[in-house]
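Here the protein sequences line up with chains A and B, keeping their order.
Positions in the first sequence are counted from 1; adding 130 to them yields our numbering.
Positions in the second sequence are counted from 1; adding 3 to them yields our numbering.
All residues carry an ideal CB built from backbone N, CA and C; glycine is no exception.
Owing to the predicted nature of the structure, the values given are computational and were not obtained by experimental measurement.
Some notes on the structure that comes next.
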Amino acid sequence: MLGPVFYTAFSDVVGQLAQSGPLMERLTNFGSGSLFNLPDAFTLGMQHPLALAMVGVFAVGATSTAVAGERQRGTLEILLARPISRVGLYASIAVALMVPVLLVMSAIMGGFALSAALLGVADELEPAQMPLVVLNGFLLWAAFATFGLAASVTFDRAAPAIALSLAYLIVNYFLEILGSLWTEVAWSQEYSLFHHFQPGDILRGDAAPLDFVIVGLAALIPVVYAVIVFPRRDLAAPA
Amino acid sequence: MPALTDLTLDVKPGEIFGFLGPNGAGKSTTIRTLLGFLHPTSGAATVLGRDVESESVDIRRLTGYLPGGIALYDSLTGEGALDYLGDLQGREPHRRAELCERLELSTAVLKRRVRDYSHGMRQKIGVVQALQHDPELAILDEPSEGLDPLMQQAFYRILDDLRSQGRTVFFSSHILSEVERLCDRVAIIRAGHLMAIHDVTELLARRRRRVMIRWRGGAPDPASLPGLEDVQVHGNRVHGTLTGAVAEFVRAIASPSLEDLTIEPASLEEVFLEYYADPDASPEAAARPAAGS
Numbered sequence: 131m132l133g134p135v136f137y138t139a140f141s142d143v144v145g146q147l148a149q150s151g152p153l154m155e156r157l158t159n160f161g162s163g164s165l166f167n168l169p170d171a172f173t174l175g176m177q178h179p180l181a182l183a184m185v186g187v188f189a190v191g192a193t194s195t196a197v198a199g200e201r202q203r204g205t206l207e208i209l210l211a212r213p214i215s216r217v218g219l220y221a222s223i224a225v226a227l228m229v230p231v232l233l234v235m236s237a238i239m240g241g242f243a244l245s246a247a248l249l250g251v252a253d254e255l256e257p258a259q260m261p262l263v264v265l266n267g268f269l270l271w272a273a274f275a276t277f278g279l280a281a282s283v284t285f286d287r288a289a290p291a292i293a294l295s296l297a298y299l300i301v302n303y304f305l306e307i308l309g310s311l312w313t314e315v316a317w318s319q320e321y322s323l324f325h326h327f328q329p330g331d332i333l334r335g336d337a338a339p340l341d342f343v344i345v346g347l348a349a350l351i352p353v354v355y356a357v358i359v360f361p362r363r364d365l366a367a368p369a
Numbered sequence: 004m005p006a007l008t009d010l011t012l013d014v015k016p017g018e019i020f021g022f023l024g025p026n027g028a029g030k031s032t033t034i035r036t037l038l039g040f041l042h043p044t045s046g047a048a049t050v051l052g053r054d055v056e057s058e059s060v061d062i063r064r065l066t067g068y069l070p071g072g073i074a075l076y077d078s079l080t081g082e083g084a085l086d087y088l089g090d091l092q093g094r095e096p097h098r099r100a101e102l103c104e105r106l107e108l109s110t111a112v113l114k115r116r117v118r119d120y121s122h123g124m125r126q127k128i129g130v131v132q133a134l135q136h137d138p139e140l141a142i143l144d145e146p147s148e149g150l151d152p153l154m155q156q157a158f159y160r161i162l163d164d165l166r167s168q169g170r171t172v173f174f175s176s177h178i179l180s181e182v183e184r185l186c187d188r189v190a191i192i193r194a195g196h197l198m199a200i201h202d203v204t205e206l207l208a209r210r211r212r213r214v215m216i217r218w219r220g221g222a223p224d225p226a227s228l229p230g231l232e233d234v235q236v237h238g239n240r241v242h243g244t245l246t247g248a249v250a251e252f253v254r255a256i257a258s259p260s261l262e263d264l265t266i267e268p269a270s271l272e273e274v275f276l277e278y279y280a281d282p283d284a285s286p287e288a289a290a291r292p293a294a295g296s
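Listed below in structure tokens is the structure:
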């Protein structure tokens, strides 16, 4: 909800700051967002480290420990002693973890729209595009969540699964921020999943279907991996 | 290195089948393969007529499994854990109340969180979760571990009742006294190889016995004592090991000069130690008595 507040309060100041030199211009375009207009302010809010930490803890932390943590504690054994297929178990966990991601994205978008309405700047947003923003954001975080879950079904202990998932998230974030701050390596943004979540463009009616395809595939590939690998894994007795 | 090699077992419906071996022999690996946790690199197995690879879910619907060193959800209460696992099983836990009563799991105990339970309490919850839905087959990995002697007896009676109700129990153990007390048949496994399968009664009948005989006057010629081995003569006393039938032996030594006779059966432990002790023993040779396996 703070996005519109910062936008209305600091947009002019940041705009003047950006015109004070090339370095400041780069710094005021953090990631793919900025405070120059409301749609980009939303993007900025979603790429802020605080937002990243809040969503990332769940999308990466919860998923990467979901199966590996059960395995490490020994409870996976008693769970799989029930008449549940491993694919069924995986699907249950995936749904249980994806629903909150979808709810969080919906809540963020809803809060942003509500805040914009309260501050009288809602006319800068296109309500019809908001579901697409939620979908794009959901697919982005689903990509990290399914990666975390894929890591979780691969390892017997939670630590390597967390480390790998976190590294994936950080590398993606680093590529996006690096490219936004350093024009010579702007190409690096293309390799970041964050770059394919562009709520600013969507809210302006410029949604790029390819972005949806890329984050959708990034979400789907780990699912396919997990569904193939998990049922075939040998689960030896816990140490 | 294969964990299990040439393992062929046939457990009959309605029997209690003991699966014995030292730590690391492959007992848990066998059980985990039967339940679909591990995939065999070769060979096949069926449980209740279902293939362990392709019909694993069906097998687990009909079985109750107690893992060795059971881990439960610490944040749940005992009752919550049983409810959760019972719901996942998809069958009515209609034996829970009876099992809890027999294992002295009171309502107050079940309301406590699992994290506050002792090892023995967790094991009791483990037994209940494995049997509460009255499975056709119970697969129990070292089930009496952590139970105090009274609870062990209560647990043994539960297994006796299961057998009398026609249920099948497959359990691994290295506690030979409970095997002797409970099992109809036992398989002995070592280093992933099946060493032998025996009827327990047959095994007990075949086991060696330590014999001491005292005569008035001198001892007779040891060669005249049928089935007696390792004979040592000390004056009018003879010590030896009886490997043959007891009745035949007693008939042979019966005489007015017989003053005292002591026959001590070797424990089952001693019998099994023969299989465990010799690392060079050929599994094929040892498995030879395993007719019907």
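Can you tell me the Cβ-Cβ gap for L231(B) and G243(B), rounded? I've got them flagged as a contact below 8 Å. Position 228 of the second sequence, counted from the first residue, corresponds to residue 231(B). Position 240 of the second sequence, counted from the first residue, corresponds to residue 243(B). Right, the Cβ-Cβ distance comes to about 4 Å (below 8 Å), so this counts as a contact.
Cβ of V189(B) within 9 Å of Cβ of I200(B)? Indexing the second sequence from 1 puts residue 189(B) at position 186. Indexing the second sequence from 1 puts residue 200(B) at position 197. Against a cut-off of 9 Å, the Cβ pair of I200(B) and V189(B) comes out as a contact.
In whole angstroms, what is the alpha-carbon distance linking Y298(A) and T284(A)? Translated into positions along the first sequence, residue 298(A) becomes position 168. Translated into positions along the first sequence, residue 284(A) becomes position 154. When rounded, the distance between both Cα atoms is 15 Å.
Taking the alpha-carbon positions, what's the E256(A) to L333(A) distance? On the first sequence, position 126 is the one that residue 256(A) refers to. On the first sequence, position 203 is the one that residue 333(A) refers to. Taking the straight line joining both Cα atoms gives about 6 Å.
Could you check the C-alpha separation between T221(B) and T265(B) for me, to the nearest Å? The residue labelled residue 221(B) in the question sits at position 218 within the second sequence. The residue labelled residue 265(B) in the question sits at position 262 within the second sequence. Sequence inspection shows Gly at residue 221(B); the Thr mentioned does not correspond to that position. Annotation: G221(B) to T265(B) spans about 18 Å, alpha carbon to alpha carbon.
Residues in its own chain within less than 8 Å of E287(B) by CB, not counting five upstream and five downstream? Position 284 of the second sequence holds residue 287(B). Its pLDDT being 47, under 50, E287(B) is placed unreliably by the model, and nothing is read from it.
Can you tell me which residues form a DSSP beta bridge with S175(B)? Stepping through the second sequence from its first residue, residue 175(B) is reached at position 172. Its beta-bridge partners are F22(B), D144(B).
Proximity to G12(B) [Cα-Cα], best of T36(B), P152(B), P259(B), P25(B): The residue given as residue 12(B) occupies position 9 in the second sequence. The question names Gly, yet the displayed sequence has Leu at residue 12(B). The residue with the shortest Cα to Cα distance from L12(B) is T36(B).
Assigned exposure category for G295(B) - 16 Cβ within 10 Å defines buried: As a first step, residue 295(B) must be located in the second sequence, where it is residue number 292. Caution is warranted here: a pLDDT of 29 is assigned to G295(B), below 50, making its placement in the model unreliable, and the coordinate value is therefore given only provisionally. Exposed is the call here.
At the level of alpha carbons, what is the spacing between E145(B) and R94(B)? Working through the second sequence from its first residue, we reach residue 145(B) at position 142. Working through the second sequence from its first residue, we reach residue 94(B) at position 91. Rounded to whole angstroms, E145(B) to R94(B) spans 24 Å at the Cα level.
Listing by chain order, which chain A residues have their CB less than 8 Å from the CB of V112(B)? Here residue 112(B) refers to the residue found at position 109 of the second sequence. Those within 8 Å of V112(B) in chain A number zero; the least Cβ separation is about 19 Å.
Of all the CB atoms in chain A, is at least one closer than 9 Å to the CB of Q126(B)? Along the second sequence, read from residue 1 onward, the residue named residue 126(B) stands at position 123. Answer no: the Cβ-Cβ gap between Q126(B) and chain A never drops below 9 Å.
Quick one: does V60(B) have its CB under 9 Å from some CB of chain A? For the purposes of this step, residue 60(B) is identified with residue 57 of the second sequence, where counting begins at 1. Closer than 9 Å to some Cβ of chain A, the Cβ of V60(B) qualifies, so yes.
From which residue to which residue does the alpha helix (DSSP H) around P339(A) run? One-based indexing of the first sequence puts residue 339(A) at position 209. Residues 339 to 362.
Please identify the residue among A281(A), T195(A), Q328(A), A189(A) whose C-alpha is closest to the C-alpha of G175(A). As a first step, residue 175(A) must be located in the first sequence, where it is residue number 45. Looking at the Cα atoms, Q328(A) is the closest of the given residues.
I need the straight-line Cα distance from W271(A) to N302(A), nearest angstrom please. Numbered from its first residue, the first sequence carries residue 271(A) at position 141. Numbered from its first residue, the first sequence carries residue 302(A) at position 172. Their Cα atoms are separated by approximately 12 Å.
I'd like the list of long-range same chain contacts for G267(A), defined as Cβ closer than 8 Å, with 5 residues on each side in sequence excluded. Indexing the first sequence from 1 puts residue 267(A) at position 137. The answer, listed in chain order, is M176, M235, I238, M239, F327, P329.
Is it true that the region 132 to 150 of chain B meets the region 98 to 105 of chain B, where meeting means three or more beta-carbon pairs spaced less than 8 Å apart? yes
Taking the C-alpha atoms as reference points, what is the distance between G278(A) and R115(B)? What you label residue 278(A) is simply residue 148 of the first sequence in a count that begins at 1. What you label residue 115(B) is simply residue 112 of the second sequence in a count that begins at 1. Between G278(A) and R115(B), the C-alpha separation is close to 33 Å.
What are the boundary residues of the alpha helix (DSSP H) that R160(B) is part of? For the purposes of this step, residue 160(B) is identified with residue 157 of the second sequence, where counting begins at 1. Note, R160(B): alpha helix (DSSP H), 152 to 167.
Quick one: Cα of A337(A) to Cα of T66(B), how far? Walking along the first sequence from the start, residue 337(A) turns up at place 207. Walking along the second sequence from the start, residue 66(B) turns up at place 63. Roughly 53 Å separates the two Cα atoms.
Give me whichever residues DSSP pairs with H242(B) in a beta bridge. Along the second sequence, one-based indexing puts residue 242(B) at 239. Note: H242(B) sits in a beta bridge opposite M215(B), Q235(B).
Any beta carbon from chain B within less than 9 Å of L227(A)'s own beta carbon? The count along the first sequence starts at 1 and reaches residue 227(A) at position 97. Taking Cβ atoms only, chain B never reaches closer than 9 Å to L227(A), which makes this a no.
Please name the residue, chosen from G346(A), A211(A), L233(A), that lies closest to V55(B) on a Cα-to-Cα basis. In the second sequence, the residue the question calls residue 55(B) occupies position 52. When only C-alpha atoms are compared, the closest one is A211(A).
Please compile the residues from chain A whose C-beta is within a distance smaller than 9 Å of the C-beta of R116(B). Taking the second sequence and counting its residues from 1, one reaches residue 116(B) at position 113. Neighbours of R116(B) across chain A, judged by C-beta separation under 9 Å, do not exist; the nearest C-beta is about 15 Å away.
Nearest-angstrom Cβ-Cβ length linking L79(B) and Y68(B), presumed shorter than 8 Å: Counting from 1 along the second sequence, the entry for residue 79(B) is found at position 76. Counting from 1 along the second sequence, the entry for residue 68(B) is found at position 65. 18 Å between Cβ atoms; not a contact.
For V130(B), report the span of its alpha helix (DSSP H) as first-last. Taking the first residue of the second sequence as 1, we reach residue 130(B) at position 127. It spans 122 to 134 - the alpha helix (DSSP H) in which V130(B) sits, taken as one unbroken run.
Under 9 Å between C-beta atoms of A293(A) and T195(A): The residue given as residue 293(A) occupies position 163 in the first sequence. The residue given as residue 195(A) occupies position 65 in the first sequence. Taking 9 Å as the Cβ cut-off, A293(A) and T195(A) do not qualify as a contacting pair.
Per the DSSP calculation, T173(A) is bridged to which residue(s)? Position 43 of the first sequence, counted from the first residue, corresponds to residue 173(A). For T173(A), which the question treats as bridged, DSSP gives no partner whatsoever.
Closer than 9 Å at the beta carbon, the chain B residues around A293(A): As a first step, residue 293(A) must be located in the first sequence, where it is residue number 163. The premise fails here: A293(A) is roughly 23 Å from chain B at the closest Cβ pair, so nothing lies under 9 Å.
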